[in-house]
Amino acid sequence: MTVEEDEYTQLKSNAENLATCLHALLERIEKLEVKQTTPLAELAEPVDQHVRDNGAAKKKRGKKRGKEHSESSNGGARGVGRHDSEEPENSEQVLMSDTVAVDPETGLKKRTIVTERVLTTKTFHALALDSAPALLPLPGRQPIVFESRGVDVEAAQLKQIELENISGLIVVTKVNPEATHGIRPGDAVTEVDGHPVTCKADVEKINKRAKLTLTVAPPYNAPSIFYRLHSDYNCQKDDKRMCHWLPIDVRKGEVVQVLSKDDNWMLARKVHDLNAVGYIPQSLHMEKVSFMSPFGRRVLVLVGASGVGRRTLKSMLLRYAPSLFSTVVPLTSRAPRGNEVDGREYHFVRKEDMLKRIRDGDMIEWGELDGHLYGTSADAVRDIMHGGRMCVLDTAPRALSYLYNGEFMPFVVHISPPQLDEFTQLEGLRPSKRSAEQPKRAPRAKKIANGPLAEQIHLTLINRNMDVTLRRLIDALEALRNDVQWVPVSWMC
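With the UniProt record's numbering applied, the sequence shown corresponds to residues 1 to 493, in that order.
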């Protein structure tokens, strides 16, 4: 039996057991309510608390408790008690409380009985999940968290730095060698006077003394230019070094990340020591290298019918391991709305520029809505790939014609809804119902799985439960990292 079949069997068993237990509980409630019905004449007499017998075969499990009465100032009397009833079959624990109140005007007594039942049946089966999802970082790939620091700067000092928006983070890519303030290349500006920074304009518009909150930008939030050195360089021994307050010592075999460069010098930092940053001469013997994803694939493509949960699954994966996965910000030709920020929700460009990108073959997919173009740029995907993270896309199946090649090396996962009868059964157990449109998605998913692009799908996951589906996806990605992979020969040419 496959994993998917085993999961289906367990879920179906859970649903059947739940339905049986609920029916049994309702029948038990009806029987007890009939037993508890008390003649009106008995309500005029004080009510003693007692434990009800479950039959000759059952031993009494409760103890008789005394009744408490209190007289109020208006002459009313109230008696409140609570006792345990017998334990019904299927481990139903029943608790009852009686309340007797006397109407001060008529003198009639009113009795209220509240019955609470807790179902502790063992007929439910937990879904077998051996452990929580875990993507173990590879050696040298552990996420590093740097402490933030505050720096007070004058507005004039900000003219000595260059900023770049990289994956939503405002990063310092160049600093004037003559500068003396505490801003270093590779720093990310996260706050200005306690207010979050979302775009370069938040820093560039400063016109007075301000306090910047800085942290070291991780490698994937900096320019994706890497070199492996084939010779040593110690700036302390170089009389012609460009900057004295940014010392750096690099050795053969080390990899550096280039933040910016001019004709003779490169401003770089060590990949394995991001605090080691400085200028190195371009004349050093080195080779350009690329930062590869540890999964052996560069793009994770989620395909499936609309509304099946691809976008939610993508968001969960990005939140779970942001150091391993990222996604692109789409392009649009429309103007920003409300609080939208360029580079966060969308990259806002001119329609003419998007049309040129489409003609030049730089768009993975695109579409038009209300006269505005929307699409995904191939260069944005390349930037994430070169930064060492796996790019996660939820695209239409036709985008595979662009992505399915040796440059992007995608891992294609088809997210499918359950069959209609199974969906109906599971839907009855949900606290909130979904739209009636959802059951119609199964035929669409089947069309994708059996369509012309079916041979390009590497894995199909039936999305019965989002958490379980995420676990299955993470397991598949772990297998990519640890097992032998078979890819088309054309990808290796």
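The beta-carbon is built from N, C-alpha and C at its ideal position, and this holds for glycine as well. Owing to the predicted nature of the structure, the values given are computational and were not obtained by experimental measurement.
- Less than 8 Å separates the beta-carbon of V171 from that of A188.
- Out of G309, E147 and V392, the CA that lies nearest to the CA of D467 is found in G309.
- Put simply, of E27, A479 and V487 the residue whose alpha carbon is nearest the alpha carbon of F295 is A479.
- In this structure, the beta-carbon distance from L302 to L393 falls below 8 Å.
- DSSP places E191 in the strand class (E or B) of the three-state scheme.
- Taking 3 residues as the shortest admissible run, the segment 284–355 contains the following complete beta strand (DSSP E) segments, listed from N- to C-terminal end: 286–289 and 299–303.
- Between G168 and Q456, the alpha-carbon positions lie close to 32 Å from each other.
- For R228, the secondary structure class from DSSP, reduced to helix, strand or coil, is strand.
- Counting along the chain, no alpha helix (DSSP H) covers N465, and no H or E run does either.
- Restricting attention to E191, S231, H230 and K200, the CA atom closest to the CA of T213 is found in E191.
- By the CB criterion at 8 Å, V203 and Y227 fall outside the cutoff.
- With fewer than three CB-CB distances shorter than 8 Å, the segment 264–280 does not count as touching the segment 391–408.
- Between L373 and S333, the CB-CB gap stays under 8 Å.
- Remark: three or more beta-carbon pairs, one from each stretch, lie closer than 8 Å, so the segment 401–414 and the segment 476–492 are flagged as touching.
- G186 is positioned such that its CB atom lies no closer than 8 Å to that of R241.
- Leaving aside the five residues that flank G150 on each side, the residues in its chain whose CB is nearer than 6 Å to its CB run, in chain order, K211 and T213.
- Remark: C-beta atoms of L369 and M354 do not approach each other more closely than 8 Å.
- For the pair L318 and T312, the CB atoms are not nearer than the 8 Å cut-off.
- Beyond the five residues adjoining it in sequence on each side, L300 comes within less than 6 Å, by CB distance, of M390, V392 and F411 in the same chain, given in chain order.
- S231 and T173 do not touch by the CB rule: their CB atoms are close to 25 Å apart, not below 8 Å.
- Counting C-beta atoms within 10 angstroms of its own C-beta, P104 has fewer than 16 neighbours from the protein chains shown and is therefore classed as exposed.
- In this structure, the alpha-carbon of R209 lies about 13 Å from that of G194.
- In the three-state reduction of the DSSP assignment, K240 falls in the coil class, being assigned neither a helical nor a strand state.
- Distance from the Cα of K159 is smallest, within the candidate group N207, H347 and L18, for N207.
- With 16 or more other CB atoms across the displayed protein chains lying within 10 angstroms of its CB, S293 is buried.
- Contact between D362 and S224 does not hold, since their C-beta atoms are separated by about 17 Å, which reaches or exceeds 8 Å.
- Judged by DSSP secondary structure, E162 falls within the beta strand (DSSP E) whose first and last residues are I161 to I166.
- DSSP places A19 within a helical segment (H, G or I) once states are collapsed to three.
- The shortest CA-to-CA distance from I166 to any of G387, S416 and P417 is the one to G387.
- In the three-state reduction of the DSSP assignment, N234 falls in the strand class.
- Taking the CA atoms as reference points, S290 sits about 49 Å from N14.
- Classified as buried, W265 has 16 or more neighbouring CB atoms from the shown chains inside 10 Å of its CB.
- Residue environment: A399 is assigned as buried (16 or more neighbouring CB atoms within 10 Å of its CB, all protein chains considered).
- As the crow flies, the alpha-carbon of A476 is around 20 Å from that of P418.
- Here I364 carries a strand assignment [DSSP, helix/strand/coil].
- For R298, the closest alpha carbon among the candidates K237, A380, E352 and G253 is that of A380.
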